[in-house]
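Working notes for the structure below.
Numbering (this note's numbering), first residue to last: 824 to 934.
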């Protein structure tokens, strides 16, 4: 399955996934990441980023992929500052840190 079909398929099925379980979320994230890193390796895009992964999930993603994330967004709606250990992790791995205050549920899927 090519990347465009994979992304469309994932988008169409998001309402069916229980993304609250870490294994399902990691499975979807890794499938899409492996697909997208091909574009980086072919020099069709320059970098990949990720949003709203905790430190452990980001470590797992970095360990299991060839193309490492260079941008990470985190939600600071519940607090006002980035935790120091997380900030240090991003700095050590040369990951640009961006913050946002988006709501937890951006789009409601109707059943």
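Every residue gets a Cβ at the ideal spot worked out from N, C-alpha and C, and that includes glycine.
Find the nearest neighbour of residue i within the set the options, judged by alpha-carbon distance.
{"i": "residue 925", "options": "915, 863, 898 and 881", "result": "898"}
{"i": "residue 875", "options": "828, 909, 914 and 917", "result": "909"}
{"i": "residue 919", "options": "853, 907, 906 and 896", "result": "896"}
I'd like the list of long-range same chain contacts for residue i, defined as Cβ closer than 6 Å, with 5 residues on each side in sequence excluded.
{"i": "residue 868", "result": "862"}
{"i": "residue 885", "result": "891"}
In angstroms, rounded to a whole number, what distance separates the CA positions of residue i and residue j?
{"i": "residue 855", "j": "residue 892", "result": "13 Å"}
{"i": "residue 873", "j": "residue 922", "result": "12 Å"}
{"i": "residue 882", "j": "residue 904", "result": "21 Å"}
{"i": "residue 917", "j": "residue 828", "result": "31 Å"}
{"i": "residue 907", "j": "residue 879", "result": "15 Å"}
Apart from the five residues on each side of it in sequence, which residues of its chain come closer than 8 Å, Cβ to Cβ, to residue i?
{"i": "residue 889", "result": "860 and 864"}
{"i": "residue 857", "result": "888"}
Leaving out five residues before and five after residue i in sequence, what residues of the same chain have Cβ atoms less than 7 Å from its Cβ?
{"i": "residue 913", "result": "895 and 920"}
Where are the beta strand (DSSP E) runs, 3 residues long or more, that stay fully inside the segment 862-895, in chain order? 872-874
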